[in-house]
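Report on the following structure.
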Amino acid sequence: MTEVTEPALTIDAIGKKCPIPIIMLAEQINYVPLNAVVAVLADDPAAYTDVPAWCRLKSHRHVGSYELPEGGWAIHVRRNY
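For what it's worth, the UniProt record's numbering labels the leading residue of the sequence shown as 1, then goes sequentially.
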């Protein structure tokens, strides 16, 4: 069982279409300490693939995507720099 790190910041992008969740993440990731986790809550299926792709592009770490009981995902990103 993998341990889920408690996010230092949660960005609520439920109901917002991509690229808005990515823009919100890009604007706010530098507000958390290095190696901290940001959770992006999103229900746009594009975010499920776009947030991990953004992580690869920007050299941050996609920790995991967790299904939310109300629908959508909590997509966890670790700040690398």
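Positions of the beta carbon are idealized from the N, C-alpha and C atoms, including for glycine.
Helix, strand or coil at residue i according to DSSP, with G and I counted as helix
i, result
"E67", "strand"
"R61", "strand"
"A36", "coil"
"R78", "strand"
Cα-Cα separation between residue i and residue j, rounded to whole angstroms
i, j, result
"P7", "A36", "7 Å"
"L34", "E70", "30 Å"
"R56", "E27", "17 Å"
"I20", "V4", "25 Å"
"V32", "R78", "10 Å"
Beta-carbon proximity list for residue i, same chain, < 6 Å, skipping 5 on both sides
i, result
"A39", "P7, T10, A74 and H76"
"P52", "H62"
"G64", "H76"
Cβ neighbours of residue i in the same chain (closer than 8 Å, five flanking residues each side left out)
i, result
"K16", "M24, A42 and D44"
Own chain partners of residue i with C-beta closer than 7 Å, once the 5 adjacent residues on each side are dropped
i, result
"C18", "D44, A46, A47 and D50"
"N80", "S59, H60 and R61"
What are the start and end residues of each continuous beta strand (DSSP E) run of 3 or more residues lying completely inside the region 8 to 34, in chain order? 9 to 12
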